[in-house]
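Numbering (the numbering used here), first residue to last: 1121 to 1599.
C-beta atoms are modelled at their ideal positions from N, C-alpha and C, and glycine is treated no differently.
Notes follow once the structure below has been shown.
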């Protein structure tokens, strides 16, 4: 069914106010404003976790609500409610109108076309797969992991699913809608040997149905990976410390690109001049050969959106091309204030949140080198394959990332796994030190969640194998 027709049934036929009334409140509240919209949302969420050999928790939640927003210059008037009633919408309209009253802006034009082809199914994953089948899946994960290796002492597994329906209305009559499924499987395995305990974790997900994980090869792959990481941990030695050459593996290590560079390319930080990339469009900000893209149009990916949360269709946006900064990620407000076009990156956590520029699937394009060729050029360095947490200062570009899986590189060969390695540096500086780019770009497995100003949204990351010179490694042993 067409997303607009489907969401009309949710919000107007089965809801407590009709569309004509909603449009009249919206038009009245935004009179004289520069921009704004009415955002309608309904969300279904389910989460099951399995621990200590049994189903430990199961939760289900359904929520719905609206957010009414007017933009007045750099300011916002915003009212929201989880009560989808005529009275609540009318009160929200009065609240917003109190701010817009007397302001005489010119309403921005609506998006030219939000008729993107759907990038994912409109089915509800919570309904497609029976509850009992999800419980059985978690039981199978637990048994498989424990049977696979006698050193396994603890197994934790969880599955999460959601189904979100949104509709955006504007005072000029423009409407857009999206139906967004999302699922995720996570596995954690603890092993013990010779008095040492280590844990490995793996997960995957995307905008598809749970039935993918009813195929044993898919969930077994996550268990095998979690166990592999845990067993590698048993063999790991303390990480060296000091400045050295770094080789980053493909896929999930792109989270470093996301944090250290991607956030600095979001329009609000650059409009306010608080990003290290502010005012540098057209300048060299990375090594030649480095091309960074944010693409919300990849089918079934966790970070993909058919339209953003302002009704602008998602796009493939080139941010850095051959080392040259080409532009920033924009929502409607920052785009208007910076006199550029929106890029389809206006995202919000829920109806109770204001949209702002956010990434979707952000990655670096492949080069032309074989990964083995890159590793062979390093006499002494670190090969970082997976990352855990990290911190970034948007203004200075400084970052600290913890490597959850890393190895020594000695004489061009991968040798001992190390534990406790952190990478310390500066985003633009690290980008300028990229000297070799692999031909093996991968996107992550579908587990990324991005936080900004207290809001979380699903995202994707990716990159090929990269060689970066002169990064400081924090560890416990002198290099």
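Boundaries (first-last residue) of the alpha helix (DSSP H) holding residue i
i            : result
residue 1391 : 1387-1391
residue 1340 : 1336-1355
residue 1262 : 1251-1268
residue 1142 : 1139-1149
residue 1454 : 1452-1457
residue 1550 : 1547-1552
residue 1490 : Per DSSP, residue 1490 belongs to no alpha helix (DSSP H) and is neither H nor E.
residue 1375 : 1374-1377
residue 1248 : 1245-1248
Sequence-distant residues of its chain with Cβ nearer than 6 Å to residue i (five each side left out)
i            : result
residue 1178 : 1168
residue 1419 : 1239
residue 1511 : 1520
residue 1378 : 1482, 1581
residue 1338 : 1332
residue 1415 : 1436, 1481
residue 1278 : 1169, 1306
residue 1166 : 1180, 1246, 1281
residue 1458 : 1391
residue 1303 : 1245, 1281, 1325, 1330
residue 1443 : 1404, 1406, 1407, 1408, 1410
residue 1491 : 1558, 1560, 1585
residue 1138 : 1132
residue 1321 : 1308, 1346
residue 1258 : 1170, 1277
Neighbourhood of residue i by C-beta distance below 8 Å, restricted to the same chain and skipping five residues each side
i            : result
residue 1530 : 1499, 1500
residue 1532 : 1495, 1496, 1497, 1498, 1499
residue 1569 : 1576, 1577, 1578, 1579
residue 1147 : 1291
Endpoints, the beta strand (DSSP E) within which residue i is located
i            : result
residue 1289 : 1272-1289
residue 1585 : Note, residue 1585: premise wrong, no beta strand (DSSP E); not H, not E.
residue 1333 : Run containing residue 1333: none; DSSP gives neither H nor E here.
residue 1322 : 1316-1326
residue 1482 : 1481-1484
Sequence-distant residues of the same chain with beta carbon closer than 7 Å to residue i, five excluded per side
i            : result
residue 1223 : 1152, 1153, 1192
residue 1454 : 1387, 1388, 1391, 1477
residue 1149 : 1188, 1190, 1213, 1216, 1217, 1220
residue 1071 : Any property of residue 1071 remains undetermined from this structure, which presents the chain solely from 1121 to 1599.
residue 1283 : 1164, 1244, 1245, 1246, 1301
residue 1400 : 1445
residue 1185 : 1161, 1200, 1201, 1202, 1204, 1471, 1472
residue 1254 : 1168, 1279, 1330
Alpha-carbon to alpha-carbon, residue j and residue i
i            : j            : result
residue 1391 : residue 1465 : 15 Å
residue 1468 : residue 1316 : 43 Å
residue 1525 : residue 1538 : 7 Å
residue 1348 : residue 1545 : 29 Å
residue 1143 : residue 1460 : 28 Å
residue 1523 : residue 1323 : 17 Å
residue 1456 : residue 1194 : 10 Å
residue 1384 : residue 1413 : 14 Å
residue 1162 : residue 1423 : 19 Å
residue 1325 : residue 1264 : 20 Å
residue 1361 : residue 1592 : 8 Å
residue 1314 : residue 1411 : 47 Å
residue 1534 : residue 1352 : 13 Å
residue 1560 : residue 1489 : 8 Å
residue 1171 : residue 1132 : 42 Å
residue 1479 : residue 1563 : 14 Å
residue 1516 : residue 1381 : 11 Å
residue 1556 : residue 1426 : 34 Å
residue 1286 : residue 1503 : 42 Å
residue 1176 : residue 1136 : 37 Å
residue 1232 : residue 1343 : 46 Å
residue 1311 : residue 1354 : 8 Å
residue 1373 : residue 1230 : 37 Å
residue 1365 : residue 1155 : 49 Å
residue 1130 : residue 1542 : 48 Å
residue 1508 : residue 1540 : 11 Å
residue 1439 : residue 1267 : 47 Å
residue 1182 : residue 1589 : 49 Å
residue 1334 : residue 1341 : 12 Å
residue 1513 : residue 1567 : 23 Å
residue 1207 : residue 1462 : 33 Å
Any non-hydrogen atom of the ligand ZN closer than 8 Å to residue i Cβ
i            : result
residue 1158 : Absence of the ligand ZN from the depicted structure is noted, as is the absence of any ligand whatsoever, leaving it without description.
List in chain order: all unbroken beta strand (DSSP E) runs of 3+ residues lying wholly within the stretch 1167-1233. Entirely contained in the stretch 1167-1233, the beta strand (DSSP E) runs reaching 3 residues are, in chain order, 1174-1192, 1195-1201.
Given 8 Å, three or more beta-carbon pairs between the stretch 1240-1247 and the stretch 1261-1273: no
Taking 8 Å as the threshold, find out whether the stretch 1244-1264 comes into contact with the stretch 1440-1453 through three or more Cβ pairs. no
For the stretch 1193-1200 and the stretch 1208-1221, state whether three or more C-beta atom pairs, one from each stretch, are separated by less than 8 Å. yes
Touch check for the stretch 1362-1370 and the stretch 1572-1590: three-plus C-beta pairs under 8 Å? yes
Any chance the stretch 1542-1551 sits against the stretch 1398-1413, with 3 or more Cβ pairs inside 8 Å? yes
Three CB pairs or more closer than 8 Å across the stretch 1289-1298 and the stretch 1124-1136: yes
Go through the stretch 1518-1572 residue by residue and report every complete run of the beta strand (DSSP E) that reaches 3 residues or more, in order. 1518-1530, 1533-1539, 1542-1546, 1554-1557, 1568-1572
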